[in-house]
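The sequence shown maps to residues 1 to 153 in the UniProt record's numbering. Idealized CB from N, CA, C, for every residue including glycine. Report on the structure given below.
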Amino acid sequence: MFRQMVTSQSSRLARMSMSRGYASQSGNGAVQGLSERAQAMGASVLKAAERALGSYAEPVMYNLKVAGSIAKQVYIAEKLAPPTSLSQIQAAYRQIWACVSKASWWTHSLPAGEWRKVAVYGVEAIGIFSIGEIIGKRKLVGYRIKEHGPAHH
Numbered sequence: 001m002f003r004q005m006v007t008s009q010s011s012r013l014a015r016m017s018m019s020r021g022y023a024s025q026s027g028n029g030a031v032q033g034l035s036e037r038a039q040a041m042g043a044s045v046l047k048a049a050e051r052a053l054g055s056y057a058e059p060v061m062y063n064l065k066v067a068g069s070i071a072k073q074v075y076i077a078e079k080l081a082p083p084t085s086l087s088q089i090q091a092a093y094r095q096i097w098a099c100v101s102k103a104s105w106w107t108h109s110l111p112a113g114e115w116r117k118v119a120v121y122g123v124e125a126i127g128i129f130s131i132g133e134i135i136g137k138r139k140l141v142g143y144r145i146k147e148h149g150p151a152h153h
């Protein structure tokens, strides 16, 4: 059942991207090839996930489907779109840097309470980075270091 859902979802997404103008008419073959490769790769990942989850596979997949549906509704309602060029990304970061590098922005944001948002975002970023480090190290503190002989001081 879930395999059918993944296959229908990926083909529906490919049709939606073409109808919204994300893919050009000349690139139709490339989009179709990409869609087929994504389906094939998704099927193998799906099989591995089903084996790993065991009896929890169905509720987890249901919750992922609900989350995906909500994300899609927010994406459409907010009229979100990914940046289409590197210049858009650079312009956004330039604008952010221009605001942050001015002392007047900081003096106006302190009374307005904007500094609290900045502090919360900073703490979130540090927390996400720390969690990534813990996952990457596979332990809570320190790295595993193989010592080859006496320690050098």
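Spatial neighbours of residue i in its chain, beta-carbon cut-off 7 Å, leaving aside the 5 residues before and after
i, result
"residue 44", "none"
"residue 53", "60"
Residue i vs residue j beta-carbon contact at 7 Å
i, j, result
"residue 134", "residue 140", "yes"
"residue 82", "residue 89", "no"
"residue 40", "residue 50", "no"
Inter-residue Cα distance where the pair is residue i and residue j
i, j, result
"residue 87", "residue 80", "18 Å"
"residue 98", "residue 126", "23 Å"
"residue 117", "residue 47", "42 Å"
"residue 121", "residue 96", "14 Å"
"residue 85", "residue 55", "43 Å"
"residue 104", "residue 93", "18 Å"
"residue 119", "residue 107", "15 Å"
"residue 38", "residue 101", "43 Å"
Runs of alpha helix (DSSP H) wholly within the segment 73-135 (minimum 4 residues, chain order): 86-100, 103-112
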